[in-house]
Structure formats: C-alpha cells, structure tokens
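Residue numbers (my numbering), protein chains in the order written: chain L, 58 to 208; chain P, 2 to 263; chain C, 868 to 1530; chain R, 6 to 283; chain U, 13 to 348.
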C-alpha cells in the first residue's frame, strides 16, 4: 500500500497569505500538493465551524493563515480571529481533538518561502500522525464508506 | 427573608409596577419549579431555599411571558449576571424588568433599576468555584487521547433534546445555528459528529457570554457535564485576556498573547 | 438551472507543463451543472476571452469558472469579459491553477488531481454565486497629501493644477523636506534649493492648496472617495496671521545653542526659529522643549521684541477635520542613526559624519557657507574618505536592501570636495557601483577620471582616531584583499536610507500595508507601484523605499494622476463584496437577534441597528444593518454572528461551505 | 415483498420551464419502465421530491393523471431543497415518493360546472385538476378559471394560460394586482376577489376550487358565498410542513387530521371544522 | 403460555445462552449514576434498584438515528443501493411493563397505511424480557393509562421478583417461549404464585376515556398557555418518552455518496412545524404543549385505538422545569 497522503485544507486571507502563496508560485518554490486553499477575504471571516467542517469532510489537517498582527488589510480582522482561535484551539484541545492537526500561521504577502515551509511542515507532521480516522468515523456515513473503501 | 421576598413580590404586584413575578415555588417530588405569580395573594406561594437555582432569566426573552406584561424576577447572583448580559446584548432594556435580588447570603436586595443591579453584580468577582476549577483541571491534566475518549463517552448518550440550549437564558436566538440549513452547519442527527459539532458550537457561542449558572448541566436528562466546556472557556478568557472585556470575542488587544500561531 | 462554463488555461506551458489541462477540462465537464468545459492555450488572450464570451452567449451560461492564474492577477480581466457578454461579472470565479498548483508542484497525477479539485470546488461555489451590482459612492474631490518634501510638493501641485483641492500636511515647521537640505544634485550639479524653492512658493500660493505645516495626521476613517481625516495643527505659539516673518524674535532669542535639524546637527538655531531662510511658510515656531519660558516660566523676550505682537504662548494644538477622497503618502525617509556604527565611530568622532551632514557642509546656505571644514576643528580636510553602503546591503545589520541613492551622492560628494579642495585626496570605499540612470554612470566616471577620486572596492572594517587623524582600515578586494589604511581628516558615511520615524504607526492609522523595514507597501510591485492595498491611498517617493529625486518626482506625478483619475468621476463604483444582514418574511423579519455584538467588531463602524416596522409603523424588531458604503467586506461580523444573520456577498456561508465540501 | 416506503423513484428531469425567476416547472420521467407502467395517481395528490444529499420537499403533482408517462411539478425556490432542485438541469436525476394524500373527487363532479379561483404559486395544484377536466371535457359543463398574481412576471404557466384563453370551452380571467401590470398588459387589473365578484360565475350545479395565499382565501370566501357556493362545494388543498408524507413524522396534523393522509384536499365545510393549525 | 420460575443466580447463565444463540442483549446499565439501556456482555453488568431508565427501550426498535436510504451519484445519475435491512437479533432485558406496552404504540404508528420495514423488522427481531415493577414513584401512572406494574402486554417473557432468590417468568409469546426453551434447565415450573402481592402499588389517578372525551372541546382553552408558561421548549420529554415517534429526515453526504437518516424529532421544538415561508402553525409553546397532550390523549386513541402514553413518568422526571404530565392532566380534567 502506498504511503498515506494527508488531505490538508487551508483557510487563508486574500490579502496576505493568499498573496503570499501566489508569491510562492511566482518564485517557483515547490511544496507538497496535498494542500487545497480556500480563499476568504480575511481571517476574521473564518468561522470556527469551517474548521470543524473541514475535518468532517475528511481533512487530516487544517491550516489557517492570514496577515501578521498589525498588517491586516482591514486593520483588525486578524486580531479578532486570533482571539477566536485562542479560545477555540484551547476548547478543541480540552475536548481531546488532535490540535496538532490544526496549524495557525501568519504568512504575509512577502513570505512566499514561508508559505511553502508551512505547507511542507504541516504535510509532514500530519503524514506522521496518520489519517484522522477518529474524527472521520464520528459520522455513520464516513465510517461506513471508509470500511467499504478499505474492503 | 422569605417574608421579605414575598412582601416585595406582593408590593410590586399590587402597586402595578409589574404584572408578573417570576419566582420559585414547590414542585413535584422534592423539586421546585418556576412560578408566575399574577396576583398579590399568590405571592405566598413563593419559596426560597437552596433548591431554587433555576436561572429564571430564561423566561425574560420568551414571547408568551413577555406578553403577560412587565415581569419581576427573583434573581440570585447568576441570574442577575444573566440579566446584565441580556442588557448588554440588547434583549432586556432598562425599565422592562424588575429584579428581586437575592444576595449570596440570601438577603433580599432592592434595586431601583437594572443599572444599579448591574453595578452590584459587577462588584462580585466572577470566577469558578474551587470544585469547578478542580474539575476543569482534572480534565486538563489528562492526555489528549484520554480527553477525546472522555468526551466521546459522555456525549455518546446525547440525544440532542436541546434541554441545555432551551434552559440557557443566553440561548435566546430565534433560529439557532443548528437550525440553519443553508448551509447545514451542524449535523442534525445525534451521532458522534452531530453531537460533537453541536457541543463545540454551543460552547463557542457562549464563549465570553456564559455566566456559569449551571442550568445547561442541570437540564440535561443525562447529566452530561457540558458546562465543563463553558467553564474551561471562562478560565481561558480570564487567563488569556484578563476577563475585563464585556464580550471577549468582539474585542481584542493588539498584543493578545498566544504561543501557537507561527 | 446551473449552466456553468469551465475554461482551463494552459498559460502556454506554465500550467499545461505540469497539469494535464485537457484532463482537467474533461473532469470538469462531468460535474453536474457544467454545460461547457474547454481548455485553451491562453485564456487571457483576445481569442481566449472571445471563447468565453461566445460560450456565455451560445450556451446561456449562468456561471463561469476560469482555471488559470491567480485571481489577484486576472479576475478583473475575466469578469470584464463576462460582463461584455452579458453575464453578471460576479458570476465568474477563478481557480488558481498556476500560482497555487502548476508552479509549486511537480508534474504528476497528484498535481492534476489537485487542479481538478480546485476547479470542482470553484464550480460548486459559482453555482451559488449571485449576480451583484457594484456599489456607487460619491467622491469627495479633495486630496490629502501627507508630507511636504519634493514628493508631496510635486503630487500636490499636479493634483491642484488638475483643478482639485489639496490639503497638504507637513510635520516640520516648513515644507521642503530633505531636498531643501541638499547642496547640489546629481548628475547635473545644479543647486538643489534653487530648483526647489520656487515650487515651495508655488505650493504656498496655489489657490487649490491648503497647507498645514507643523501638523500631523491624527486619524483617518472612511474609504476611497470618502475619507474623514483629523489633522493636528501643533501649536507654533505664533499667530501666523500677524507674523510677518521679520526674524526679530529668533535674532533676540537668548537660547541659541540648539542643534539645528535643518543643518543635520552641524549648526545651531534658537528656541524660536524658522528652520531655514527660504522656509515656507516663513513663520517661526517655538521649540517648547528648549524655550526658557516654557521650561522655566520666565523670559518672553520674543514677545517683547515682536513688532506685530504675534507671539501666543497659550496657543494650543488644534484638531481640524477634513473630508477628502484620496490620500497621497509622501512622508519620505530618514537616514540611519548614529548608534548604528560603533565600529566606524559615528557619533563618537566628530569628524565621522553622514552624507546629509556633508550636504550641509557643501551647501552655500550651510553652517560653513559651503566651505568644506571638518566639524571638530574647522580645518579644511586634506584627506576625505567616503564609505558607501554604510548600513545598506548588510543583512547582519538588518538592512538587506540597497539604499539606491548612495552611490550617486557619494560620487557627487567626492566630486564636490575635489572641486572645492583641489589638493585634497578623496577615497571612496565601495562594494559595487550602481549607477543606472540617465547620465549617471558618466557622472561616476567623471569623478574617477576627471576629478581623481580614488575608488577602493572593499568594506571598511574599522575607523579610529589617532593623532588627530581618523585611521580608516579596510581592504582592497580588487588587489587581493590587501589591507589598506588611510589616515583621513574627515570620513563621510553614506548611511542607509530608512523608513521615516513613525511610519509604522502611520501605516496602521491608514490601514496600509508596510514591509519589514516599515516602508509602505505598494499594491503590486510592478503593475500598481503607486497604489497601496487600501483603495484611495497612494504612494509617492521614498516612503515606499529609498529613491532619488527624478524617480520621486515621477512617482509623485504618477500618484497625482491616479488621484486626478479618481476625481474625474462623480461617483465611484465599488465592489459589492459587502456584508448584508438578512431580512426575512414576517413574523421573523430577520434572523438577526439584534444582540449587537457584531457592531464593535466592525473595523469600519459599518454596522448600525435598525428598527424594523410593520406597514402600520409598529416596531416589531431591532436588527443589525450594514452600511454598504462603509463596509469593506472583511467578514469579521459574519464569523461572529451566532444566528448566521449576516452574510458576506461573494463569500457567503453557502458558497464557502460548498467550496469546502467539494474539496 | 416488503418495500422501503422511504425509497423514492428515480426520475429524470425531461424538461424545465422557467415560470418566473423563482418558479420552475419540471417534467419528470421515470428512469425505470416498470415503475412508469405501474405508477398511477389522481388529481390533488402530492409527493416528496428529493435532491439526494439535500433532502426532500413536498409539493403537489401539477400535471394531470390523464397525461401518462410523466409527472410535472412546479415549485418556488425557497428553502434548502427547493433551491437545490432549482439548480438541477435537464437530464439530472431526482427522487420522487408518492403519490400521497387524497384527491379531488372529479368523478363526483360529472355534469357539473367547475370554477377555479387561484392566485400566484397556488395554481399548480389546480392546474392538475384543470387539465384533468379539460382532457375529459365532456364530463363537465362550464369551466371558469380566475387566476391572479402580484404582477405579470409572477404569473405561472404563461403558455398554458394563453392556450386556455384561446379555447372556446374555457372561460379564463387572468388578473394582476394593481401596480403589477406591464404596459402591454391587456387583462384586468385588480385583486382576485374583486375580479371574481365582477365575473360573478353561476353557482348553479357548480363546484368551486379555491387555492391561494391566506389573505386571498379569506377575502374570496365571502364572494363565493354570495355567489351561492356552499362550503361543501368549495374545495381547497392545505399545505403544512411535512417530512414523511405518510402520516408518521408528526408535523402536518391539523387537529386530528394529517394533511398528508387525510388531506390535502378538503372542502371548506371540513376546513371550517379544523382548528387553526395550518 | 405458561409460568415458570428462574433463580436469580441462573440469569447469568441465561444471558450466556442468549448470547451464544447469536443475539445481542440490551439491558439497563448504570453509567455515572444514570441508568440507560446499553449492550451488555453478561448479567452482572445489569443495573438494579432503579425505578426507570432515563431513556426507554424504544431505542431498540426506533433508534435516535437510523439509515433509511443509501445513495450515490455519478454525474447526472443517482444509484440507490438496495437496503441491507438486517437488524441484529436482540433481546431487551429488564423492560418495564410500561415500556413493553409502548412498543405496541410504536408498532401501530409504523405499521399503519405505509408499513415501515425498518421499525417492523426491528420489532420482529427483538425479544422483550419484561421486568415487573416492585417499586414506583410519584411520577408513575401506568394504571391510569391502561397499564399495570405487572402487565404482560408487549413483553415476550415477563419476570417478576417473587422472593429473594426467584423470579416468576411468565411466557407470553412464542419468542418468550423460545428464550425459555433455549435453556429449559434454568427454569422450573411455577406453582401457585400471587404475583400481585409482589408488585408496586400504582394508584389510578385519572380516567383516560374521560380525558379523551374532554380534550377536543378544550382545544381553544387558555389552560394550555398557563400550563406551558414555564415550559422552555426542549425535547427532553419527547426523547425520553417510550411512545413518542415523531421524526425528522436528514440527508448526509460525503462527496458524491450519501445516506438519508431518520432521526428523532420533537413537537416541542419551535422549528418542528415551521414553514419555509416563516409561517408556523404552532408558533408558540402553548400550541406545541397542546399538540403533545392532544396527540397522545386525543388523536392517537382515535387513530390507533390506544393512547400515546404508557404512564412511565419519564417526561416528568426528565423535564428541567418540572412539567409534571400527571398534574397537568389532572388539571386539564378539572378545567371547566
């Protein structure tokens, strides 16, 4: 059986990280193709439920990234997001959800190389953690189909 | 003190200041229940003892209760905190509700208005009890895997009867997120995923708002300790943001500390 | 009925070289709701765009997905194409197959699979896209220009000459900026002040320009076309209307030993002063930190001598509100501070000076009236060492960038020195000579060849004082790293240009991005160099990165033309990607509970509460409402709303959810 | 053999008509021939239409049982399922469970005149009856249709309205609310009850079928009464939220009656006895 | 069909026999002080000394969520998979007579008109070993709604504790017989046992027929609003109720594949009857409370021939705000 390839979903803001990931491209820096980017205007827009939904959709890892503090295109969206993440991440951890699978980052529009590093390190880390079956199997549908797929 | 409360209820009703007094009365078994006293003479049915803990503020946002006219509500500290929060959230306005305050040592408190009630209750430190703290810490000390199994186990019984939500005075939304189906944010059935999503969402939506009255836990037919989640958030908000904000999630400090965003 | 058209761009080989575009188009064609799916070499080309337009018309497409480069690149292109074909432009989305896929992954099945995923995800989003109409907002035709250096002056004059109002704000007592401090300018060696001062006067006299010197921006709110600024007029303690600029006050001021900013610390000024003779406005200010009256409560000499009784010790800062439609940032740069070069003794040895100080020494209006005298003893130096790249291009010092102007001004300095002290020797330590520009290289060559300036390629390692001389130790890398020691009388460091002090704070006030060195960031390094990421705020000059005068002036004119372009419209159309609070049928009217918790989270104060009334006027509910003119579409309120009553057009909950579920 | 009552027929969308920007009519064909052959229904019945993955939605069968081989449904984009339905295109597969519920007693009406009074999106349930009656035209005397909508744009079945209008054996009055007319609108302008009153069709040997928004019904009933229609002779169909359609899920009951099983067709004599739970 | 006795100590062996016969056993178990039906491996896991489980045995035949359809789509086609509706043969042990009776309500609802194979097949493959009540509390009122602490209706085999060592085992059905015959050595013939002597005393508190007769006229009564004022509109009463069957249908997908689930719903929820238009026929709690009472005591008796309440008292115990159904019914009967 081939090595497990994690599915990573990234929620990024349009102005910093999305642009940063564009720069990664323009700079032709290679990184793992496991990541799928969902573009949002601002990290402030990222509803915490989206992260939950990413896992229920089968993500093995999630990246959330936006502008560095003080750099938000909307001035304070990322500050609000940060507060939300602090509470949310702690809550998830408290519930025993594997927070190692959620990577929060600040990647600016100038940090093309950093974006590649972030993706690669998350892919490597999550690959080592293995598939997030514990979460996926919570819903009867995913559990069933997964058994079918395996068989 | 009981007499004073009854007298106060009587006065409020007979003077026409309020049309209903929401308080506690004897229920079935050894339970107490919410009473809606409409006539001064009925005020003697009101009781006050250690069983009287239901957060009666839950009724302040109910349409049918509102339709009865201006209510007075018997309010211990958590209830007063709730009313304060409801005011902050524009669900209760000054003048709409009278409060028969009950101090921690069971004295009847007189408040000329909600503002003075809010001032009184703000002066009482908002923190978890030692037992509550210990319960949160006990869970914190477990490994993530142990916590996962703990919650999977306790939530497995949840049938999504929403008693936790309905008993919560701050869950007054006419259409809860779980009822938003475009998109379907929370999986409806009470399977593992649906339950987890529901409880995470509930806790997050109460983050920075919960007054730790404990009614969600008391309402749960299965006695699921789901207030541990909100209690955890209460400690987090106090520890990480100082707890001074009126609502921690629409405020921020440019130098809010975290150690995981890289 | 969704009839989505999918257009996969090869971008030559840029995408197709890594991603199997035909396969992607084929996979997309099988997605329910897709009725047209093709791939093509260059979708952004005319024929490519025509393909899209024709398909929209022929197949009556209800949505378009273009799988090509970053939407940040060509989204406007394709949306325009859709609009031209009669499809609402907001029904077009792009999937980023180039920057986020083909350019960053190896050619493989997995990469093509990713491309298919990205396309599918966008198809699901587009199915839920709603036709949106641009928001129209009025434009206030006045510009705020921050900074009164040559950049601000040029931008102001251009905008004012185009017939629009300009409000210029300069934090120093006079406009003029660094250019007014310069002696001669390269490569023509004409007198800096001679060419600048007429423009300064023009600014002061221009009917369309309101000048606020000794003033700073307090706050800026609003958005393109509709900014509201607060300007702090710092107290000059002088009634500008009464003051005639006679200079009596400065003459009689007993406190005269204050280091002159204008002379870069090489000269002195009084506590009440006009920074330099040609200052605009030619009105003094009282430097409260040094004024005897303000410090000790006694003196008032200036008040006594003022012939027009213009001194006002009790003057207070005034806050002025202005409404503008655009902002030009022209706040310039600073030179690196003294503590930066302990090994060069800058700040320790009087005769180690920076380039700006040398400008003052060489300037006819300077403290030495243009005679090159060294600061320590006033002697004319026999040997002068110029050190280029002092700080610049030195990652160890935290400044990786090239300050761009130093090569040229160092050549100019050496040349000026040689012109004034024919017998003297001038050495220039350099790393590379960057003399790109019209007549620039010729200028440097002239210094070397005609004026006998000795260029030494190598870094200076240390400078120390010995027997009244400055020993400059370095190495000549062109001569095999031979150690070199020059005993100099004066050392001039071509210190790096850095962001103006307070730039970071200002950027945050204005919500514009800035780089790690606090220089303001342009919206696109190549294609939008004079715009910032915040619409309506433009850049001119060295606040963006160090640059010389001609470049600054052309950029200022560029910014001005952007402003003029903006002001050429009566109203502005804005992207309708704004938040909206739902309104539903009775009896609910809106799912909004009216809790108001979203309001403080809005960075633009765009959320207000609205009373919802029945037809007969009874208030049934109070619900939030978003002012689409103020909303910038960050969506923070959306994520905060517990009942999902607020949604963000273009990024609705349903759209994002569908996008996610398709991944 | 035991069958799964929740298992829908798989139907292919054979045709889509965009009635208004929000309203669509689907013609659905069975994907399996044996199902098509064995399927039958009567005027007034409804079904559960499903978009797989989104859920089910309830609406009537809008086509006439006299037309074999397909069913039609007309719906307005409103909730999660109808929105998803509206996004389907020709050739897509959706699900259909049914037919459920009772029917209009067409056979009892032999020899009678039929008056249809309806408004807006409430025409579809009656359209089924109208076509049914027209296909058995000889069975009935006069057929009168009074149909109104908020505006010209909101009229559904525009092609069929024209067809009915052209028929000598149908009297069709199409009206739009004041303000809803277009410049080329030639029909009457006014609310349905008023227009009906003006037309004053005979109640002799006649039944009326009334279907529309609550306010229209409220104002039309007295008009019908004045015209001489007794509540027993006025029929309507009720709508309530449903999930199962087969009397089990517990939502649609009005008092002791399940709209899904005991309805959806009621006479106003029956409706008047019902508690206000619809 | 016969009366036997079985020694308490033999129950372990009986469980063993049932399990080795390929059946799973659901029985009341204690979890953190709460008694619930759960799967057990052996008899000692079974909880004792309780009045009622929090949730009823209804879950054995009407789980809180259950797949009713499985589908997948490929392009424009949809495939519905053949259902593999093969319920696990189950023995539910320790079912109170009220719960056992409720199975007949569930059966009636799901068999009528359009038989529901999912519930039916589960009922068919489930054997109910009832356990008579020797204790009751103030919330119990089975005798008022046609039941009794030792009622055999709905059980296949009914156990009644008759002394410290023994249970009386009444064989009610074939299924019950087959349990006994699977381990005949564990059972002995019962002599003359006065079963009633060992049962809890539950007094009849109201007249069910009278209630059914009265209710239709009370539809518009203000009493509903008065009673439901303290009701907070949760679904605890419905979900713990052994005879509440209302449900919701929900689709869940994972990419192109999906399942349709039937899951418990409650008439107490505000959204239960909400139309998409925003109109809600039962828009306030009083109407929903009325629906609950009407459905159980007026509509269902007419429709199914049996009340939709078995008097277990669970709703009263579970209610966070002490909506005591028994008291409310008494008040309804007193209303003029």
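Note that CB positions come from ideal geometry on N, CA and C, so glycine has one too.
Unbroken beta strand (DSSP E) stretches of 3 residues or longer found wholly inside the segment 187-259 of chain U: 199-201, given in chain order. A residue is called buried when at least 16 other Cβ atoms come within 10 angstroms of its Cβ; residue 1061 of chain C does not meet this threshold and is exposed. Residue 1192 of chain C and residue 1108 of chain C have their C-alpha atoms spaced approximately 29 Å apart. In the DSSP assignment, residue 81 of chain R is bridged to R/28. Residues of the segment 96-113 of chain L with a C-beta less than 8 Å from any C-beta of chain C: 96, 97, 98, 99, 101, 102, 103, 104, 105, 107, 110, 111, listed in chain order.
Restricted to the segment 870-907 of chain C, the alpha helix (DSSP H) segments that are unbroken, complete and at least 4 residues in length are 888-896, listed in chain order. The segment 1113-1196 of chain C contains, as complete alpha helix (DSSP H) runs of 4+ residues, the segments 1115-1119, 1159-1163, 1168-1172 (chain order). The shortest C-alpha to C-alpha distance from residue 149 of chain R to any of R/239, R/159, R/50, R/206 is the one to R/206. A Cβ-Cβ distance of about 17 Å is found for the pair residue 19 of chain P and residue 26 of chain P, leaving them out of contact under the 8 Å criterion. Of all residues in the segment 73-85 of chain R, those with a C-beta nearer than 7 Å to a C-beta of chain P are 85, reading in chain order.
Only 76, 78, 79, 80, 81, 82, 83, 84, 85, 86, 87, 88, 89, 90, 91, 92, 93, 94, 95, 96, 97, 98 from the segment 76-98 of chain L bring a Cβ to less than 9 Å from some Cβ of chain C. Assignment of residue 152 of chain R by DSSP, reduced to helix, strand and coil, places it in the strand class. Taking C-beta atoms under 8 Å as the contact rule, residue 115 of chain U and residue 73 of chain U qualify, at a distance of about 7 Å. Not a single CB atom of chain P sits nearer than 8 Å to the CB of residue 114 of chain U.
DSSP places residue 178 of chain U in the strand class (E or B) of the three-state scheme. Take residue 93 of chain L, set aside five residues on each side of it, and the residues of its chain with a beta-carbon closer than 8 Å to its own are 64, 65, 66, 67, in chain order.
Rounded to the nearest whole angstrom, the CA to CA distance from residue 1291 of chain C to residue 1359 of chain C is 15 Å.
Taking the Cα positions, residue 1047 of chain C is about 45 Å away from residue 101 of chain L. Taking 8 Å as the cut-off, the Cβ atoms of residue 1103 of chain C and residue 1172 of chain C do not count as close. Taking the C-beta atoms as reference points, residue 1272 of chain C is found nearer than 8 Å to residue 1414 of chain C. Listed as beta-bridge partners of residue 1391 of chain C by DSSP are C/1395. For residue 40 of chain U, the secondary structure class from DSSP, reduced to helix, strand or coil, is strand. In the structure shown, residue 261 of chain R adopts coil according to DSSP, grouped into three states.
Any Cβ of chain U closer than 8 Å to the Cβ of residue 196 of chain L would place that residue at the interface, and such an atom is present. According to the DSSP assignment, residue 970 of chain C belongs to no beta strand (DSSP E), since it is labelled neither H nor E. Distance check between residue 253 of chain U and each of U/198, U/117, U/243, U/199 places U/117 closest, using alpha-carbon atoms only. Against chain L, a Cβ distance below 9 Å from residue 270 of chain U picks out 198.
Here residue 1261 of chain C is bridged, per DSSP, to C/1266. One alpha carbon belongs to residue 123 of chain P, the other to residue 112 of chain P, and they sit about 14 Å apart. DSSP lists no beta-bridge partner residue for residue 950 of chain C.
In the structure shown, residue 1012 of chain C falls within a strand segment according to DSSP collapsed to helix, strand and coil. Contact between residue 172 of chain L and residue 78 of chain L holds: their C-beta atoms lie close to 5 Å from each other, under 8 Å. Under the DSSP assignment, residue 179 of chain R falls in the beta strand (DSSP E) whose first and last residues are 176-181. Counted as a single uninterrupted DSSP element, the alpha helix (DSSP H) harbouring residue 302 of chain U occupies residues 297-306.
Contact residues of the segment 229-256 of chain R toward chain U are 244, 245, 246, 248, 249, 251, 252, 253, 254, 255, 256 (C-beta to C-beta distance below 8 Å).
Our two residues, residue 1058 of chain C and residue 1438 of chain C, have alpha carbons roughly 44 Å apart in a direct line.
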